[in-house]
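Number of protein chains: 2
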Amino acid sequence: MHIAIVGAAGMIGRKLTARLVSDGQLAGRPVSRLSLVDVIEPAVPQGFGGRVDTSAADISSPGQAARIVKPRPDVIFHLAAIVSGEAELDFEKGYGINLDGTRLLFEAIRLAHLEDGYRPCVVFTSSIAVFGSPFPEVIPDDFNLTPLTSYGTQKAMGELLLADYTRRGFIDGIGIRLPTICIRPGKPNKAASGFFSGILREPLAGQPAILPVPDTVRHWHASPRSAVGFLIHAAGIDLEPLGSRRNLTMPGVSATVAEQIEALRRIAGDDAVRLIRHEPDQLVMNIVAGWPQAFDARRAKELGFVADASFDDIIRTHIEDEMEGNL
Amino acid sequence: MHIAIVGAAGMIGRKLTARLVSDGQLAGRPVSRLSLVDVIEPAVPQGFGGRVDTSAADISSPGQAARIVKPRPDVIFHLAAIVSGEAELDFEKGYGINLDGTRLLFEAIRLAHLEDGYRPCVVFTSSIAVFGSPFPEVIPDDFNLTPLTSYGTQKAMGELLLADYTRRGFIDGIGIRLPTICIRPGKPNKAASGFFSGILREPLAGQPAILPVPDTVRHWHASPRSAVGFLIHAAGIDLEPLGSRRNLTMPGVSATVAEQIEALRRIAGDDAVRLIRHEPDQLVMNIVAGWPQAFDARRAKELGFVADASFDDIIRTHIEDEMEGNL
């Protein structure tokens with residue numbers, strides 16, 4: 001099986017590559033070849049027995065999508081995206097990569113399909129940013145797409161393209177609406193959602209963290225390991241039962257900030273919790289007020305997608321995957 | 328007030344032009360200038376006191392959208408589209424006009440906005456084709472966009488763009504999801520929805536008509552006069568109360584084919600009804616099975632959009648507007 005990952009150098013892309021290398025197979029078929037693409041050339045993974053090609057490519061540039069499609073990968077994971085904050089600051093770049101890049105990739109596949117009937121499985125990472133307030137406390141699977149950012153708009157448009165290209169028979173597509181990833185590894189960043197990870201990751205490492213919102217704020221989370229699990233599962237199941245609705249909200253853990261903090265206390269003690277300083281930030285509070293709190297992700301669950309069991313588990317996963325198991 | 332109509336030569340475009348000429352004003356402001364654009368040059372309307380410019384332009388061609396925007400119309404009605412059947416047959420043409428054309432128009436406005444703060448009211452005709460089965464019997468305003476055609480996909484993508492360009496402050500946009508237009512004037516055509524009009528229009532003119540589906544089929548209708556009324560109303564109201572959800576399902580008349588036929592009987596008698604021949608067509612039946620039956624168009628009604636009062640009224644409107652009042 002030949003698997004291409006577009007956006008392979010990002011956080012999820014690297015973890016997905018590592019998981020495929022470690023598993024050596026996908027849905028029971030051995031992985032014989034990996035094509036890893038990103039705007040910066042992805043690293044060659046260690047310990048993979050098959051062929052690996054890495055390349056730097058901007059999918060919004062002419063001809064780049066065709067290059068990815070040329071060796072006819074069986075599965076294409078399309079993770080490449082300009083993130084929410086940057087897409088909001090740079091209107092043209094966001095539409096260029098998130099909308100045009102996605103469309104060019106799908107178009108390259110369509111042209112290959114017209115040539116020789118090529119029809120790969122395409123796993124597209126969408127986001128709960130396709131939803132925006134006002135919405136019910138628990139959002140059902142058939143809720144309106146109401147993005148409140150350009151990023152969410154571009155992801156929603158990608159979802160619509162994916163469904164239409166699938167209906168037309170050019171691809172066998174599935175869109176995965178990822179929850180907010182928590183605990184995101186690495187350095188603190190300025191994303192409005194950064195504190196959800198920061199208030200856990202920093203204290204776990206003995207560092208102080210700032211909480212800019214009241215601890216009553218509720219949100220929808222998945223660990224990086226679960227997110228990779230969703231993508232692997234999506235590429236391995238029969239997609240026919242999805243019918244025409246090819247984009248799925250993933251299950252997650254709905255938790256208040258207070259519940260996050262209590263999970264931290266259970267696992268790392270009061271000393272860790274004392275490293276969190278509450279500094280209300282009205283701007284962040286306003287942004288977060290428009291975000292979803294919980295979903296009834298019934299369709300995804302019925303199809304076998306599995307979320308983290310609890311916030312305690314999310315923290316334990318972080319300690320295992322990012323801290324070599326040592327608190 | 329300067330009003331531009333993109334797609335002015337189509338059925339709705341011509342009726343909208345006639346209505347604006349007849350009213351001489353929009354929301355209390357005199358109409359001083361009309362710019363009429365379509366792929367074929369629209370006719371100059373009779374009896375208009377102001378300035379009229381007509382031009383032939385394909386909005387998907389480079390520079391054409393900028394030409395429309397250059398004189399800074401106060402209101403732009405964007406009606407131009409490749410219809411459902413053609414967009415399904417010609418994939419590239421459908422995406423070219425319905426998606427790229429719409430985006431190029433919005434982009435030309437954005438660039439003008441960056442130049443001098445230009446921010447016109449944009450009224451975009453969308454369609455109930457943004458919805459596809461399975462759905463509830465009565466579809467609520469917050470239902471998922473689930474198109475089952477490329478046309479519906481392109482309209483849904485246009486809706487998302489309209490909302491994002493509005494949120495960004497480039498346009499003051501509103502998307503109007505038109506019901507199926509009934510009674511559509513003119514010759515019978517091969518559109519799958521053609522019979523909804525044909526079984527009334529042809530018998531009213533003393534001609535036979537074919538009914539390809541059971542008379543229990545229920546659908547959502549508006550007269551051409553109501554459709555034009557929706558567009559005029561949309562351009563005249565304050566759009567701020569819409570918030571971030573700028574696309575509205577229009578009110579309509581939900582009727583079964585049997586109810587349509589009984590309305591025909593009340594107005595034109597048994598002889599007219601006898602001209603309808605039932606010839607089941609499995610293909611049409613399958614297509615129509617995926618169409619919406621009724622909507623709870625609450626938001627639009629609260630904003631003052633008014634549907635036809637009954638199917639009898641829809642037929643009477645046709646007799647007045649298309650048959651000079653003579654049955």
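Read top to bottom, the protein sequences are chains A and B.
Terminal number for the first sequence in the numbering used here: 327, no gaps in between.
Terminal number for the second sequence in the numbering used here: 654, no gaps in between.
Built from N, CA and C at the ideal position, the CB exists for glycine as well.
Because the structure is a prediction, the values reported are computed rather than measured.
For the stretch 554 to 577 of chain B, the set of residues with a beta-carbon nearer than 9 Å to any beta-carbon of chain A comprises Gly570, Ser571 and Arg572, in chain order.
B:Leu489 is positioned such that its CB atom lies no closer than 8 Å to that of B:Leu343.
For the pair B:Leu472 and A:Asn144, the CB atoms are nearer than the 8 Å cut-off. Annotated three-state conformation of A:Ala309 is coil, per DSSP. DSSP assignment within the stretch 531 to 610 of chain B yields the following whole alpha helix (DSSP H) runs of 4 residues or more, N-terminal first: 551 to 563 and 584 to 600.
By the C-beta density criterion, A:Pro134 is exposed, having fewer than 16 other C-beta atoms within 10 angstroms. In the DSSP annotation of this structure, B:Leu363 is not part of any alpha helix (DSSP H); the continuous beta strand (DSSP E) holding it starts and ends at Arg360 to Asp365. By the rule that beta-carbons nearer than 8 Å mark a contact, B:Asn471 touches chain A. The DSSP-derived three-state label of B:Leu353 is strand. Burial is judged here by how many other beta carbons sit within 10 angstroms of a residue's own beta carbon; B:Met484 has at least 16 and is buried. With distances taken between CA atoms, A:Arg177 lies nearest to A:Arg245 out of A:Tyr118, A:Pro208, A:Ser197 and A:Arg245.
Interface annotation for the stretch 472 to 483 of chain B against chain A: Leu472, Thr473, Pro474, Leu475, Thr476, Ser477, Gly479, Thr480, Gln481 and Ala483, criterion Cβ-Cβ distance under 9 Å. For A:Leu160, the nearest beta carbon of chain B is closer than 8 Å to its own beta carbon.
A:Phe311 is positioned such that its CB atom lies no closer than 8 Å to that of A:Ala272. Annotation: Cβ neighbours of A:Gly132 in chain B (cutoff 7 Å, chain order): Ser571. A straight line joining the alpha-carbon of B:Ile395 with that of B:Asp365 spans about 11 Å. With respect to B:Leu353, B:Gly377 sits apart: the two C-beta atoms are not nearer than 8 Å. Here DSSP, grouped into helix, strand and coil, assigns B:Val410 to coil. For A:Lys301, the CB contacts under 6 Å within the same chain, skipping 5 residues up- and downstream, are Pro251 in chain order. The three-state reading of DSSP puts A:Val21 in helix, counting H, G and I together. Close to chain A, meaning a Cβ-Cβ distance shorter than 8 Å, is no residue of the stretch 620 to 640 of chain B at all. Going by beta carbons, B:Gly521 and B:His405 fall outside the 8 Å limit.
Taking 8 Å as the upper bound for CB-CB distance, B:Val611 and B:Ala519 are in contact here, some 5 Å apart. Taking a beta-carbon distance threshold of 8 Å, B:Arg504 does not count as an interface residue toward chain A. At the C-beta level, B:Glu529 and B:Leu602 come within 8 Å of one another. In the structure shown, the three-state DSSP call for B:Leu505 is strand. Residues of the stretch 172 to 203 of chain A with a Cβ closer than 7 Å to any Cβ of chain B: none. Excluding five sequence positions before and after A:Thr317, the CB atoms of its chain that fall closer than 6 Å to its own CB belong to Ser223 and Arg225, given in chain order. What B:Arg346 touches in chain A, judged by beta-carbon distance under 9 Å, is nothing: the nearest beta carbon there is about 31 Å away. Out of B:Ile367, B:Gly444 and B:Ala562, the CA that lies nearest to the CA of B:Thr381 is found in B:Ile367.
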